[in-house]
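Numbering (UniProt numbering), first residue to last: 1 to 817. What follows is a set of notes on a single structure, which appears directly below.
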């Protein structure tokens with residue numbers, strides 16, 4: 001039993017039970033009953049918890065009619081101001097390694113043979129792009145750029161690299177002409193003039209060519225500062241007092257007295273890039289530069305990426321690591337090795353260069369596999385203050401010998417955490433006065449408050465869609481029972497059906513809708529208040545979404561692509577789901593393909609105070625997703641792909657009712673049920689054991705000796721929907737548990753062998769399974785995706801939840817194409 005209060009985050013896909021999905025023609029209100037909530041604990045101690053059936057209470061809330069011009073936004077009053085650390089700024093005058101991009105579209109990394117080793121980016125064709133965030137071009141700007149490029153393109157295939165500020169369609173400040181160099185690793189240096197790049201900007205390199213073929217590789221680029229101005233000192237002219245001529249000024253002539261101007265060159269102090277805390281986990285793949293290593297997806301706890309292919313002499317550098325005034329006494333590194341017998345080596349920790357002072361090292365040999373992870377501690381001495389940290393591999397053999405996932409340093413016992421004090425920059429700023437006419441009403445904004453945080457929107461579409469073509473629609477509950485939508489200024493307003501006729505409303509196919517969207521160019525980031533629950537963030541390209549609101553303002557209808565009359569069927573859209581209440585329960589969110597795939601998205605959640613930094617989604621391009629889908633799925637799934645989206649089988653009529661694929665999984669279900677008729681069923685997971693046998697059409701089973709319970713034989717549609725025999729009203733909590741397990745096992749193609757139910761490496765073998773879900777796990781960061789409703793069984797979904805109820809530092813939503 002629980003001995004203290006706790007909170008449960010319930011991620012519901014609301015709709016589909018009355019029957020069909022809500023659409024623009026749905027009559028509201030509708031209801032959904034929550035039958036049970038399942039809670040898992042990481043302990044291995046068997047625990048039996050009896051969950052009483054839910055009691056459904058219907059509460060009638062009196063309707064309040066709010067005229068469209070008086071809908072008050074939900075304004076969070078200012079309390080304590082929280083200052084969020086800025087994204088690190090890097091100097092444009094230092095070499096920028098091509099593979100250190102913050103976002104990309106269409107490119108891939110590979111090992112380079114160019115001087116210095118490391119990686120380059122390649123497979124670059126027309127329309128591809130890379131983004132480098134927060135480059136500081138200085139107050140005087142830059143005058144040129146030099147890039148290291150190679151090309152083995154065919155004769156006549158060439159192109160340019162356009163350098164844009166802040167967006168793929170932002171101002172062009174320079175362009176490099178790129179032609180074949182004689183080979184994809186035949187490196188040459190190209191230069192171009194740059195004008196107009198001053199201050200701190202995102203740099204977006206967009207590659208253009210009149211041919212569709214790949215035409216260049218890029219290793220690095222570096223900008224050039226303008227030559228310093230020449231100062232000429234003019235000696236003063238001395239005029240003897242008795243020789244000054246007399247000047248007669250006519251009355252109509254005004255003579256301006258001579259002005260002596262003393263020009264003092266300003267001294268600009270450029271603050272160093274923000275430091276990172278040595279005592280928070282440093283993810284190996286978060287290096288600033290690397291030589292010889294390559295990122296890959298890890299199966300280690302927490303997912304994400306590790307760096308691998310590490311051999312003697314390889315290194316990774318982490319800029320401005322703050323060890324504090326007391327210094328570090330130890331470090332723990334998470335490593336794995338599948339090196340051959342006799343192959344071993346050491347990892348060295350050095351300061352400020354790959355040959356700088358060595359402050360610690362540890363030895364590593366085979367751990368049992370390249371993804372068999374172990375934590376290795378070692379002592380550290382001499383690491384105090386702020387330094388660039390170099391992790392250097394040493395071995396007496398040339399072969400790869402180690403993978404690295406993360407590292408964290410240890411403080412001296414009793415010392416205080418390191419505090420980073422930003423440098424003081426003496427600056428005098430003159431702010432001109434602004435006159436606001438009496439008739440001008442300033443926009444309503446939400447000041448930063450305790451618990452608020454920014455959603456940042458990253459346009460990774462490679463120039464296909466401008467920020468003015470990307471629409472954001474966020475709907476959630478800021479108070480229980482009241483749906484609200486998010487505005488561009490960060491305020492929220494209750495949904496109101498009367499806004500369908502208010503100024504600025506939307507109209508399509510002869511019907512009016514409230515305008516509850518904003519564009520990314522209006523709000524590249526928006527600060528969310530301290531509470532929004534059960535929220536869905538729709539992203540749409542080229543058009544806002546048309547969302548109807550019920551007449552009692554208690555509900556809204558999302559897009560229903562199976563309804564030919566739905567106004568959103570010809571719009572590209574996808575969504576992110578999240579919930580959060582500051583100080584009460586943690587921020588949690590996920591990308592999803594449970595219903596469909598519209599376009600690639602990523603979601604990065606950061607919390608600086610804990611070192612939490614996790615990204616989910618996919619960085620593949622839309623074309624790559626469609627190509628992977630076409631190349632790998634069974635022909636039965638081919639019809640799911642269309643111009644605007646790829647439907648999940650649970651959404652497509654083809655896999656239901658009398659559809660041509662309605663029985664797609666039935667042979668597997670029949671085979672599994674027949675097997676457990678003659679063989680005992682046993683599943684042990686999370687410290688609990690289920691045993692039983694199929695009798696007739698029912699699996700009769702016990703859980704840790706309690707029961708009996710039954711699970712009816714599901715249909716193919718039940719499996720894809722995770723409903724019916726696997727999840728429906730009247731089932732007991734333990735039966736619903738088993739239904740979720742079988743739903744996941746059938747979708748993953750492992751139902752016949754319970755030993756594989758919690759072994760991700762066994763998922764999606766040859767044979768009937770959910771090929772749609774398999775594609776998105778293959779392309780997902782960390783192999784995570786929400787490919788069906790119970791994809792969170794065995795922790796395979798794209799859900800990420802902070803470790804505490806404090807606000808995230810930021811959440812970055814990447815919109816791809």
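Built from N, CA and C at the ideal position, the CB exists for glycine as well. Since the structure is predicted, the reported quantities are computational estimates derived from the model, not experimental observations.
{"Query": "Beta-carbon proximity check, residue 747 vs residue 719, cutoff 8 Å", "Result": "yes"}
{"Query": "For residue 371, three-class secondary structure by DSSP", "Result": "strand"}
{"Query": "Backbone secondary structure at residue 282 - three-state DSSP", "Result": "strand"}
{"Query": "At least three beta-carbon pairs within less than 8 Å, the segment 603-622 to the segment 643-656", "Result": "no"}
{"Query": "Beta-carbon proximity list for residue 716, same chain, < 6 Å, skipping 5 on both sides", "Result": "663, 664, 665 and 666"}
{"Query": "Alpha-carbon to alpha-carbon, residue 499 and residue 506", "Result": "9 Å"}
{"Query": "Residue span of the beta strand (DSSP E) that contains residue 330, given as start and end", "Result": "330-337"}
{"Query": "Terminal residues of the beta strand (DSSP E) in which residue 618 lies", "Result": "Looking at the DSSP string, residue 618 is not in any beta strand (DSSP E), and its letter there is neither H nor E."}
{"Query": "For residue 700 and residue 793, the rounded distance between their alpha carbons", "Result": "21 Å"}
{"Query": "DSSP state of residue 731 mapped onto helix, strand, coil", "Result": "coil"}
{"Query": "Proximity winner among 768, 737, 735 and 736, relative to residue 751 (alpha-carbon distances)", "Result": "768"}
{"Query": "For residue 375, the nearest candidate out of 381, 595, 758 and 409 (CA to CA)", "Result": "409"}
{"Query": "Whole-angstrom distance between residue 641 and residue 349, CA atom to CA atom", "Result": "50 Å"}
{"Query": "Between the CA atoms of residue 170 and residue 156 - distance to the nearest angstrom", "Result": "28 Å"}
{"Query": "CA nearest to the CA of residue 311, picked from 545, 391, 734 and 128", "Result": "391"}
{"Query": "Whole-angstrom C-beta distance between residue 218 and residue 147, which should lie under 8 Å", "Result": "6 Å"}
{"Query": "Rounded separation between residue 135 and residue 100 - CA only", "Result": "12 Å"}
{"Query": "Validate contact between the segment 364-372 and the segment 320-331 using beta carbons, cut 8 Å, 3 pairs", "Result": "no"}
{"Query": "Cβ-based burial, residue 658 [other Cβ within 10 Å; buried from 16]", "Result": "exposed"}
{"Query": "Sufficient close CB pairs (3 or more, under 8 Å) joining the segment 138-154 to the segment 205-223", "Result": "yes"}
{"Query": "Boundaries of the alpha helix (DSSP H) in which residue 676 is found, first to last residue", "Result": "666-678"}
{"Query": "Member of 371, 326 and 533 whose CA lies at the smallest distance from the CA of residue 589", "Result": "533"}
{"Query": "Length of the line joining the Cα atoms of residue 803 and residue 201", "Result": "33 Å"}
{"Query": "Residue 253 versus residue 140: straight-line alpha-carbon distance, rounded", "Result": "Confidence at residue 253 is low in this model, with a pLDDT of 36, below 50, so the placement of that residue should be treated as unreliable; the coordinate-derived value is given next. Going by the C-alpha atoms only, they are around 41 Å apart."}
{"Query": "Whether residue 542 touches residue 571 by CB criterion (8 Å)", "Result": "yes"}
{"Query": "Environment of residue 679 [buried if 16+ CB atoms lie within 10 Å]", "Result": "exposed"}
{"Query": "Sub-8 Å separation of residue 594 and residue 764 beta-carbons", "Result": "no"}
{"Query": "Contacts around residue 458, its chain only, beta-carbon distance under 6 Å, and the 5 residues preceding and following it disregarded", "Result": "103, 812 and 814"}
{"Query": "Test item: CB-CB of residue 142 and residue 205 under 8 Å", "Result": "no"}
{"Query": "Where residue 421 sits in the DSSP three-state scheme", "Result": "Bear in mind that the predicted position of residue 421 carries a pLDDT of just 30, short of 50, making it unreliable; the figure below should be weighed with that in mind. Three-state result, residue 421: coil."}
{"Query": "Contact check, residue 556 vs residue 486, beta carbons under 8 Å", "Result": "no"}
{"Query": "N-terminal and C-terminal residue of the alpha helix (DSSP H) that residue 773 is part of", "Result": "771-779"}
{"Query": "The segment 545-561 touching the segment 776-784, judged by at least three CB pairs closer than 8 Å", "Result": "no"}
{"Query": "Proximity to residue 758 [Cα-Cα], best of 512, 771, 460 and 791", "Result": "791"}
{"Query": "Backbone secondary structure at residue 174 - three-state DSSP", "Result": "strand"}
{"Query": "Contact belief for residue 175 with residue 192 at Cβ below 8 Å, rounded distance in angstroms", "Result": "6 Å"}
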